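Comments concern the structure below.
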Amino acid sequence: MNSRHFVTVLLSAALICAVSVLLVMSNINATRLQLQQAKPGAFNYILQSDRAFDRLSQSMIAFEGASDAEKKSVVWMEARRRFDIVWSTFKVFD
Numbered sequence: 372m373n374s375r376h377f378v379t380v381l382l383s384a385a386l387i388c389a390v391s392v393l394l395v396m397s398n399i400n401a402t403r404l405q406l407q408q409a410k411p412g413a414f415n416y417i418l419q420s421d422r423a424f425d426r427l428s429q430s431m432i433a434f435e436g437a438s439d440a441e442k443k444s445v446v447w448m449e450a451r452r453r454f455d456i457v458w459s460t461f462k463v464f465d
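Just add 371 to the spot in the sequence shown (first one is 1) and you have my numbering.
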């Protein structure tokens, strides 16, 4: 009897997770469609911000993986430049 309740709880949790994923995916799609219908720069702004964050994270990972001080210095300058790019995307709203 105990394992029967356990299976029921697991199936219920799986069903709730599946429904949650479907709701999130439909909301993401609705947002994407709404942004495409908005003024032309809105969707591109989101894409450019996403790329800027990706490049910043890649440069920070490269900084962590750099072995010597000279390489860290070069990679740090790149990471700093990427941070400035990300920061400038937020300065648009000031």
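C-beta atoms are modelled at their ideal positions from N, C-alpha and C, and glycine is treated no differently.
Remember, predicted model here, so these are calculated numbers, not experimental data.
- If you draw a straight line from the Cα of residue 430 to the Cα of residue 406, it comes to about 29 Å.
- When DSSP states are grouped into helix, strand and coil, residue 455 belongs to the helix group.
- Around the Cβ of residue 413, a 10 Å sphere holds fewer than 16 other Cβ atoms; the residue is exposed.
- By the Cβ-count criterion, residue 384 is exposed, with fewer than 16 other Cβ atoms from all chains shown falling within 10 Å of its own Cβ.
- DSSP places residue 439 outside both helix and strand once states are collapsed to three, so it counts as coil.
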